[in-house]
Structure formats: C-alpha cells, structure tokens
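Protein chains: 2
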Amino acid sequence: MTFTLKDVARVAGLSQATAARALGGYGYASPDAVERASDAARRLGYTPNGVARALVSRTTRTVGLVVGDIENPFFAAAARGLADALEGEGHTVLLANSDEHPAAEQRAIEALRSHRVDGLVLASVGRADDLNTIAASSPLVLLDRSIRGVHADSVTVDNRAGARHAVEHLVSLGHRRIGIVSDHPSIASSAERLAGYRRALKDAGLPDDPGLVSIGGSTREDGHRAARALLERADRPTALFTSNNFMTYGAVLALRELGLSVPGDVALVGFDDLDWTVLVDPPLTVVSQPVAELGATAGRLLLARIGGDESPPRRIRLPAHLIVRGSCGAVR
Amino acid sequence: MTFTLKDVARVAGLSQATAARALGGYGYASPDAVERASDAARRLGYTPNGVARALVSRTTRTVGLVVGDIENPFFAAAARGLADALEGEGHTVLLANSDEHPAAEQRAIEALRSHRVDGLVLASVGRADDLNTIAASSPLVLLDRSIRGVHADSVTVDNRAGARHAVEHLVSLGHRRIGIVSDHPSIASSAERLAGYRRALKDAGLPDDPGLVSIGGSTREDGHRAARALLERADRPTALFTSNNFMTYGAVLALRELGLSVPGDVALVGFDDLDWTVLVDPPLTVVSQPVAELGATAGRLLLARIGGDESPPRRIRLPAHLIVRGSCGAVR
DNA sequence: GTGAAAGCGCTAACAC
DNA sequence: GTGTTAGCGCTTTCAC
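So the protein lines, in turn, are chains A and B. Numbering-wise (our numbering), the first sequence opens with residue 1 and increments by one. Numbering-wise (our numbering), the second sequence opens with residue 1 and increments by one.
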C-alpha cells in the first residue's frame with residue numbers, strides 16, 4: 001500500500017494544500033501544521049510521488065548519462081564523479097550504454113528524453129547536427145569528447161597535448177620508430193590523440209609512416225588484435241604509444257605473448273592510468289587523466305544549465321600528465 | 001519547444017484520445033488515424049512524456065540499482081549485465097552508490113522510491129527488517145549478497161564453495177599456513193567466503209589461527225593495508241587467499257613492495273577475475289564469478305516480478321570456479 | 001472507430 | 001496561515 005498526500009492530509013486533519021506546504025518546505029505553514037503533517041507522513045510511511053511532482057514542476061531531478069560501456073573503467077570513474085557531483089543537489093543518474101554505436105546512442109537518448117531527464121551527459125559518437133537538435137531542447141554536456149560544431153558545454157581532456165607529451169618522451173629516449181595503437185578516429189578523443197602523436201613525430205622530424213599506425217576498436221580484444229598486428233611486423237616499432245586503456249591492455253598482452261621484453265625490445269607508453277598499471281612488470285608509463293574530475297565537472301556544468309545558466313557554451317579542457325614509470329625505459 | 005499529445009491531435013485533426021490510441025498502440029484506431037497521427041508526431045518531433053504516462057500507468061520503466069561503488073569492476077560488470085537484460089524490455093537503470101554505508105544505502109533507496117522505480121536491485125549492506133519493509137512495497141532483487149530473513153529474490157554466487165575450492169587447492173599444494181585477506185564480514189558475500197575458507201581449513205585438519213586472518217575494508221587501500229599487515233608478520237603465511245578484487249589488488253602490491261616472490265615465497269589465490277589478472281607476473285589463480293550473468297539474472301527476475309509474478313522468493317546461486325594460473329604455484 | 005471527460009498525485013495561484 | 005481550485009500530459013472508461 002502506498003499513500004498519497006491526500007491520505008496524509010486526511011490523517012493530519014489538514015487540507016491537501018497545507019499538508020503539501022508543510023512537508024514540501026515551500027509556502028507558509030504553521031509550526032503546528034508542520035508538526036501534524038510530518039507526524040501523519042511518518043505514521044503512514046509516506047513517500048512523496050516524484051512522478052506527480054515532476055509532472056507539475058517539469059523537473060525530474062534525474063540526469064541521463066550515455067557512455068560507450070560502463071564496464072570501461074574510464075567511464076565508470078567518470079560516472080562516479082558525475083553521480084557524486086549530482087547527489088549533493090539531489091539528482092540521480094539514469095545510465096545507458098551505447099557500445100560506441102551511433103544508432104544505439106540515439107535510442108538511448110530518445111529513451112532518456114522520454115523519461116524527461118533534466119539534462120544529458122554524453123560521451124558521444126553522434127553527429128553534430130543530431131547533437132545540436134538535442135542541445136536545443138535540453139541541457140547537454142559533452143563528456144570526454146567535444147564534437148566540432150556542437151553548441152553545448154564540453155568537458156574534455158587535453159588529448160592532443162597528452163599524446164604529444166607521451167610521444168615526445170619516447171623521442172627523447174632515442175626512439176625513431178614509434179608506433180601507435182588507437183581506437184577508431186571517429187571517436188573524437190582518439191582522433192585528437194592520433195593528431196598529437198603525428199604532431200610530435202613531425203616536430204621531431206620523423207616520418208609519418210602508415211605502417212606504424214594500427215587502428216583497433218572499442219574493446220580489449222580489438223586492442224589486442226591491433227597491437228599484435230603492429231608487433232608482428234618485420235619492421236616493428238621500437239616503441240609503442242597506446243592511446244586508450246583497452247589498447248594498452250591489448251599491447252601488454254600481445255607483448256607478453258610474443259615474448260617481447262619491455263622496455264628492452266619495445267618501450268611502451270599508454271594513455272589513461274588504471275589501477276593495474278602499477279601491478280604489471282615493469283609498471284606502465286602512462287598519460288594520466290583526471291577522470292573523476294571530468295565527471296564531476298560535467299555534473300557541475302549541467303547543474304548550472306539546469307539552474308538556468310544561459311551563458312555561451314563552455315569548453316573545459318582538463319590537463320593530462322605523463323607519469324613516468326618503468327615501461328618507457330626512462331627509469332629502471 | 002516541446003509538444004504534447006494535444007498538439008499532435010490538433011495537427012492531425014483527431015481527438016486527443018484517438019491520437020493516443022493511434023500512437024500508443026493500444027485500443028482501437030483506424031489505419032487512417034494511425035497514419036495521420038504518426039505523421040503529425042513526426043512533423044512536430046513529438047516525444048511522449050514518460051512522466052505523465054507514468055503517473056497514470058503507475059509504471060516508470062525504470063529500475064533502481066544500488067551498489068557499493070560503480071567503479072568497482074565487479075559492480076560495473078553486474079550493472080552492465082543488468083542494463084542489457086532490462087533494455088530489451090524498455091527499462092532503464094537509475095544508478096546509486098552506497099559506498100557500503102547503510103545510511104547512504106537507505107538514502108539512495110528512498111530517492112529511488114520517490115522516483116517510483118518499478119523495482120530495485122541492491123547489493124545491500126542493509127538490515128533484514130529494513131529490506132523486508134522495502135520488499136513489501138516494491139519488487140526487490142538482492143544482488144551478490146543474500147541476506148538471511150529477507151523475503152525477496154536473490155542472485156548470488158556460491159561464495160562458500162568458491163572460497164573452499166580456492167583454499168583446498170592451496171592445501172593440495174602442500175600449504176599449511178594459509179592466510180586470508182577479506183573485506184568486513186558485515187558484507188554477506190565476504191562472510192560466506194570467510195566461512196568457506198574456515199571450512200576448508202577445518203576439513204584439512206588445519207587450525208583456525210586468528211593470526212592468519214586480516215580484515216580490510218571496501219577500497220583498494222584497505223586491501224593493501226590488510227595484506228601488508230599479514231605479510232609483515234614474522235610468522236607470515238606461505239599462501240594467501242584474497243577474497244575480493246580489492247584485496248587481491250592490495251596483496252599483489254604488498255607482495256611486490258615487500259620483495260616477496262609469488263608463488264615462491266607466498267602463493268596467491270584471489271576471488272573475482274578481472275582483466276588484469278592475466279597481465280601480472282605470474283598470472284593470477286582466481287575464483288572466477290559469472291558477473292555479467294549475475295546482473296542479467298537479477299534483471300530477468302525483477303522483470304518477472306514487475307510483470308506480476310507472485311511466486312515465493314527465488315534464491316539463485318550461480319557457481320564460481322577456480323581458474324588455475326601461475327600465482328598458486330601449481331603450474332610454472 | 002472515435003470523442004468527451006475523468007482522474008493519476010502533486011504544485012501553485014488565488015481567495016478567504 | 002489555510003483551503004479551494006485548476007491543471008501538468010497522459011490513459012482509460014463510456015457514450016455515441
């Protein structure tokens with residue numbers, strides 16, 4: 001049995017409106033009314049019906065989050081950061097996975113919109129015009145991937161600079177053949193990291209050899225395949241930059257399978273720092289991203305928009321920095 | 001601008017009721033009416049208001065999930081399994097983290113209830129009577145942790161047997177001093193694994209030495225501390241069973257810090273298989289759990305309850321099995 | 001087959 | 001300070 005405000009009002013001997021004001025904390029209500037209303041509510045075990053409330057207030061206190069896959073530790077950490085930032089304001093996260101599939105993303109967004117979420121946070125693989133359509137009707141924050149031409153807030157990591165630092169570091173260690181294992185460049189962050197890699201090569205006067213680039217996909221298995229493809233070449237690179245944690249995973253596995261020593265045979269620098277990077281031998285040199293902060297910042301931005309902030313879109317870029325451990329060969 | 005059914009009806013030249021039937025796929029509507037209604041809906045970019053729909057249908061097509069921390073890969077995988085199982089039926093997951101804190105869990109549940117989720121999936125740290133109160137008013141499935149005396153479905157792993165197998169394996173390898181690093185036994189699954197550990201010792205005629213038991217907490221750092229405490233003892237165990245992935249992480253780190261070789265100095269078996277367990281050296285022997293299936297099963301059970309299934313609570317126990325790799329010393 | 005009307009549980013004017 | 005009333009956008013009888 002679930003009770004309504006009407007029941008509470010009846011039990012408390014008040015009108016429904018007074019009970020609402022007494023419990024809702026808005027409008028006027030005498031101390032006596034508050035007392036009686038909360039008493040009745042407690043006795044009945046009354047939980048306000050958020051659905052009815054949402055229908056009139058036009059706000060559900062929910063926020064939709066669409067990521068590629070919540071099992072990806074990167075997204076999990078971002079989701080956590082987001083949920084924490086939202087919780088303080090009494091908002092909850094509605095979660096959906098897109099598997100990096102534009103159609104699935106669109107479906108998820110549509111479902112979320114029909115739930116009338118107050119706002120949307122997307123690690124999107126969608127197209128700019130679709131996203132603009134969405135942004136026009138609901139607060140939107142792009143997470144991890146800013147998409148050119150989209151009129152919405154975004155919180156991203158400085159992928160270009162991060163990738164550039166990683167590759168420059170490898171160059172400074174004397175490497176001339178530096179390979180990259182990357183997810184598909186249709187993912188904005190992957191494209192930026194690829195660009196940073198290319199830029200660093202060019203700055204070092206190194207050729208942009210297509211034979212050094214291996215494009216995987218959005219799973220660990222894809223990373224594994226792509227890394228192997230690169231490492232099995234006769235002219236395999238002496239150093240590898242893996243541009244996300246799945247690619248890094250795949251490379252570590254492939255290196256081990258092929259019996260290649262790190263950093264002796266191949267030096268390795270990954271993008272994104274996970275718990276296990278210090279557990280493997282040697283510990284991994286990585287570009288570390290402020291992941292939880294990414295989510296938290298998205299949350300704060302979204303809350304501001306929900307609160308009516310109409311200022312021009314903000315593009316926040318968080319710095320990523322290189323953590324030098326053993327796999328690059330800089331330290332023993 | 002967001003349009004309502006009334007707008008659609010007006011544009012289509014139909015009554016609101018007919019438009020509703022035409023679009024909603026319930027009741028009768030002529031092909032012509034369906035045609036005109038969907039036409040108008042498309043032209044206006046109409047998205048049905050799920051909130052209003054929920055108010056009358058008394059179902060929101062959302063399911064609440066409360067876990068300790070979505071960043072824990074175990075929960076992330078379960079969440080994914082759940083979301084996938086639900087998606088087919090058009091349900092979405094509302095996510096909340098409890099940090100294994102009963103008060104935070106209660107708050108999260110209350111928030112979810114006020115959102116009128118159709119059902120709840122909990123990896124709970126709560127008390128039986130609180131959970132029974134919840135179960136009385138809403139479909140509830142306990143995930144990963146069944147709690148004695150709770151009248152609700154549960155989907156758990158056979159933790160006792162899993163832990164027993166792990167320890168028996170260590171015993172069969174000749175170990176007599178087998179330590180355990182466990183999360184707090186107030187967490188049901190931890191208690192069961194502890195019980196399985198003790199049972200295996202007893203069956204092997206080994207004493208139950210309190211000096212072999214180290215209780216951590218619900219973070220990697222806790223696991224690290226607890227593992228170190230055990231490994232720094234003068235009479236440290238020759239083998240370690242770590243009863244969840246955070247404890248395993250902590251143990252691997254502590255072993256490395258202390259310069260202990262695995263399995264030479266200390267053999268290691270962990271509970272829960274993560275991606276990185278094959279990346280460390282030696283690869284970890286673990287008890288593997290069907291994590292995604294855990295979530296998916298919870299989803300199916302919950303959907304059945306939401307659909308009106310009134311049969312007695314089902315307790316589903318999924319098997320966990322030992323994967324022997326290098327860290328236990330059985331293979332080289 | 002379609003339309004008019006009631007009502008889901010709540011908030012917000014507006015009287016009193 | 002409190003009660004009455006309208007209405008949020010939808011579904012669902014019940015006439016026609």
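Just so you know, even glycine gets a beta-carbon here, dropped at the ideal spot from N, CA and C. Given the structure is predicted, the values throughout are model-derived calculations rather than measurements.
In the structure shown, Ser-114 (chain A) adopts helical secondary structure according to DSSP, grouped into three states.
A Cβ of chain B is located within less than 8 Å of the beta carbon of Gly-50 (chain A). One finds nothing in chain A with a Cβ atom closer than 9 Å to the Cβ of Leu-140 (chain B); even the nearest lies about 15 Å away.
Under the Cβ criterion (8 Å, minimum of three pairs), the segment 315-332 of chain A counts as touching the segment 285-300 of chain A. Across the segment 298-325 of chain B, no CB contact with chain A closer than 9 Å is found for any residue. In the displayed model, Ala-152 (chain B) falls within coil according to three-state DSSP, outside both helix and strand. DSSP, read as helix, strand or coil, puts Thr-277 (chain A) in helix.
Ranked by Cα distance from His-115 (chain A), the options B:Ala-77, B:Leu-55 and B:Val-67 are led by B:Leu-55.
Leu-82 (chain A) is a Cβ neighbour of Ala-298 (chain A), given a cutoff of 8 Å. Proximity of the segment 162-178 of chain A to the segment 94-111 of chain A falls short of the contact definition, fewer than three beta-carbon pairs being nearer than 8 Å. The criterion of a C-beta distance shorter than 8 Å is not satisfied by Ala-12 (chain B) and Arg-21 (chain B). Taking 8 Å as the CB threshold, Arg-42 (chain A) stays off the interface with chain B. Selection B:Val-331, B:Pro-290, B:Ala-330 and B:Ala-251 evaluated against Ile-316 (chain B) yields B:Pro-290 as nearest (Cα-Cα). Ala-136 (chain A) sits exposed, since fewer than 16 C-beta atoms from the chains shown fall within 10 Å of its C-beta. Sixteen is the threshold: since fewer than 16 other Cβ atoms of the shown chains lie within 10 Å of the Cβ of Tyr-26 (chain A), the residue is exposed. When the beta-carbon positions are compared, Gly-211 (chain B) and Arg-233 (chain B) come within less than 8 Å of each other. Listed along chain A, no residue sits closer than 8 Å to Ile-109 (chain B) by beta-carbon distance, the nearest being about 10 Å off. In the three-state reduction of the DSSP assignment, Leu-65 (chain A) falls in the strand class, which pools E and B. At a cut-off of 8 Å between beta carbons, Tyr-249 (chain B) contacts chain A. Beta bridge pairing from DSSP links Arg-317 (chain B) with B:Thr-156.
With a contact defined as Cβ atoms closer than 8 Å, Cys-328 (chain B) and Ala-251 (chain B) miss out at about 13 Å.
For Ala-96 (chain A), the pairing in a beta bridge is given by DSSP as A:Val-66. DSSP places Ala-17 (chain A) in the uninterrupted alpha helix (DSSP H) bounded by 16-24.
Residue pairing of Phe-241 (chain B) in beta bridges, as defined by DSSP: B:Ile-180 and B:Val-269.
In this structure the segment 272-282 of chain B does not touch the segment 51-70 of chain B; the number of beta carbon pairs closer than 8 Å is below three. Interface flag for Pro-290 (chain A) against chain B is unset, since no Cβ pair is found closer than 8 Å. In this structure, the straight-line span from the alpha carbon of Asp-153 (chain A) to that of Gly-295 (chain A) is close to 13 Å. By the criterion of a C-beta distance shorter than 8 Å, Ala-227 (chain B) is surrounded in its chain by Val-181, Ser-214, Gly-216, Leu-240, Thr-242, Met-247, Gly-250, Ala-251, Leu-253, Ala-254 and Leu-255, once the five residues flanking it on both sides are discounted. With a threshold of 8 Å between beta carbons, Glu-100 (chain B) makes no contact with chain A. Ala-85 (chain A) and Asp-272 (chain A) have their C-alpha atoms roughly 22 Å apart. When Cβ-Cβ separations below 8 Å define contact, Val-63 (chain A) makes no contact with chain B. Taken through DSSP and simplified to helix, strand or coil, Ser-38 (chain B) comes out as helix. Just so you know, the alpha carbons of Pro-312 (chain B) and Asp-130 (chain B) end up roughly 19 Å apart. DSSP, read as helix, strand or coil, puts Ser-214 (chain A) in strand.
When 8 Å is used as the limit between beta carbons, Pro-73 (chain B) is near these residues of chain A: Glu-71, Pro-73 and Ala-76, in chain order. Taking CB atoms only, Asn-132 (chain A) has no neighbour in chain B less than 8 Å away.
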